[in-house]
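*Asks:* Adding 86 to a residue's 1-based position in the sequence shown gives its number in the numbering used here.
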Amino acid sequence: MSAQDEQPLDLPPDQPQRVGEIAELFLGNILFALERTAMAMDAESKPEDAAFYRGIGRTLAEAHGRSRHAR
């Protein structure tokens, strides 16, 4: 990806500004990227690395589920 492919996020002032809030806003994108990374690790015959990235995704998804049930 080149620098010109990156688009800065111009979040309006009323949008989340903290790391956790931004991560929650883009959780689906983050989980997708983690799974794509895990798939690449599998393709490179690095199952331990793939499991690591899938573990991060699972931890984030479970935490999100717990926070939604707590509301």
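Built from N, CA and C at the ideal position, the CB exists for glycine as well.
Check whether the stretch 105 to 112 touches the stretch 131 to 142, taking contact to mean three or more Cβ pairs, one atom from each stretch, closer than 8 Å.
*Replies:* No: the two stretches stay apart, fewer than three of their Cβ pairs being nearer than 8 Å.
*Asks:* Please list the terminal residues of the continuous alpha helix (DSSP H) segment that includes SER153.
*Replies:* Residues 133 to 156.
*Asks:* So GLU121 is in the alpha helix (DSSP H); what residue range does that whole segment cover?
*Replies:* Counting along the chain, the alpha helix (DSSP H) containing GLU121 begins and ends at 113 to 129.
*Asks:* Measure the alpha-carbon distance for ALA126 versus ARG152 and round it to whole angstroms.
*Replies:* Approximately 29 Å between the Cα atoms of the pair.
*Asks:* Taking all protein chains shown into account, decide if LEU120 is buried (16 or more other Cβ within 10 angstroms of its Cβ) or exposed.
*Replies:* Buried, by the Cβ-count rule.
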